[in-house]
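Final position of the sequence shown in this note's numbering is 186; the numbers increase by one with none missing. Every residue, glycine too, gets a C-beta built ideally from N, C-alpha and C.
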Amino acid sequence: MSALKLVGLAGSFNRPSRTFALIENVAGLAAERYGFDNTLYDLTDVGPSLGQTLRRDDLDSRAKKVVDDIVNADVLVIGAPTYKGSYPGLFKHLIDLIDPHELRAKPIVITATGGGDRHALMVEHQLRPLFGFFMSHTLPTAIYASDRDFTDYRVSSEPLSKRIGDVVSEISAFFPLRNQALIAAE
Ligand SMILES: Cc1cc2nc3c(=O)[nH]c(=O)nc-3n(C[C@H](O)[C@H](O)[C@H](O)COP(=O)(O)O)c2cc1C
């Protein structure tokens, strides 16, 4: 059975990044459970051409590859840092370069980080409607993490880990045979 592709995208330029640490944690557990082949990106991987073009055709090759990988993924793990109560503008610009049909029915885990808890509903009020536009299948459990859920840029809070476990379990609805095959092989 060939591995299904999981692509993670952190909408942050920072390295290290809490948002990247979060998608890495979710994606790692999902790969362990379902055997996904993971590729993770942040906005630094996309590079400077993103901010210099309004058209996908004008992106440089590394940015184009990121967009191609996103639209060809079997499952996406999206993470955005909260900027002024929403996702960053350049993250939205990257998503704007994707055609509406390209994310249709795609399973997407939505996650976000923020400095505190005040904007915890960012995942529900900003990220979920964005992927609702694409008619994607956003997973029921959305993950929001604040600074205090991390230690040295690693997920360190139990409630957050529990929520991550919940959403990883929910992925099985899309790949039931894969889950069973891996269990049988153990
Ligand atoms: C321009 C800017 C705006 C921000 N606005 C918010 C905000 O509205 N709410 C919030 O909780 N945190 C806000 N933050 C904090 C970041 O969301 C938080 O530190 C995030 O985890 C950074 O993610 P990263 O480490 O992946 O870059 C802001 C940070 C920046 C740089």
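- Under the DSSP assignment, lysine 64 falls outside any beta strand (DSSP E), being part of the alpha helix (DSSP H) whose first and last residues are 61 to 72.
- Here the distance from the Cβ of histidine 119 to the nearest heavy atom of ligand 1 is below 7 Å.
- Residue burial is scored here from C-beta neighbours: proline 107 has at least 16 other C-beta atoms within 10 angstroms and is therefore classed as buried.
- Proline 88 sits in coil when the DSSP states are folded into three classes, being neither helix nor strand.
- Around the CB of threonine 151, fewer than 16 other CB atoms lie within 10 Å, so the residue is classed as exposed.
- The alpha-carbon of leucine 76 is positioned some 12 Å away from that of glutamate 24.
- Not one heavy atom of ligand 1 lies closer than 7 Å to the C-beta of arginine 154.
- Ligand 1 never approaches serine 157 closely enough for any of its heavy atoms to be under 7 Å from the residue's Cβ.
- Counting along the chain, no alpha helix (DSSP H) covers tyrosine 41; the unbroken beta strand (DSSP E) around it starts and ends at 37 to 42.
- Sequence-distant partners of phenylalanine 134 (beyond 5 residues in either direction) whose C-beta falls short of 7 Å from its own C-beta, in its chain, are Pro100, Leu103, Arg104.
- The region 51 to 59 makes contact with the region 80 to 98: 3 or more CB pairs, one atom from each, lie closer than 8 Å.
- Under the three-pair Cβ rule at 8 Å, the region 107 to 127 counts as touching the region 63 to 80.
- In the DSSP secondary-structure assignment, proline 129 is not bridged to any residue.
- By the CB criterion at 8 Å, isoleucine 98 and valine 123 fall outside the cutoff.
- By a beta-carbon distance limit of 8 Å, leucine 29 contacts isoleucine 164. Their separation comes to about 6 Å.
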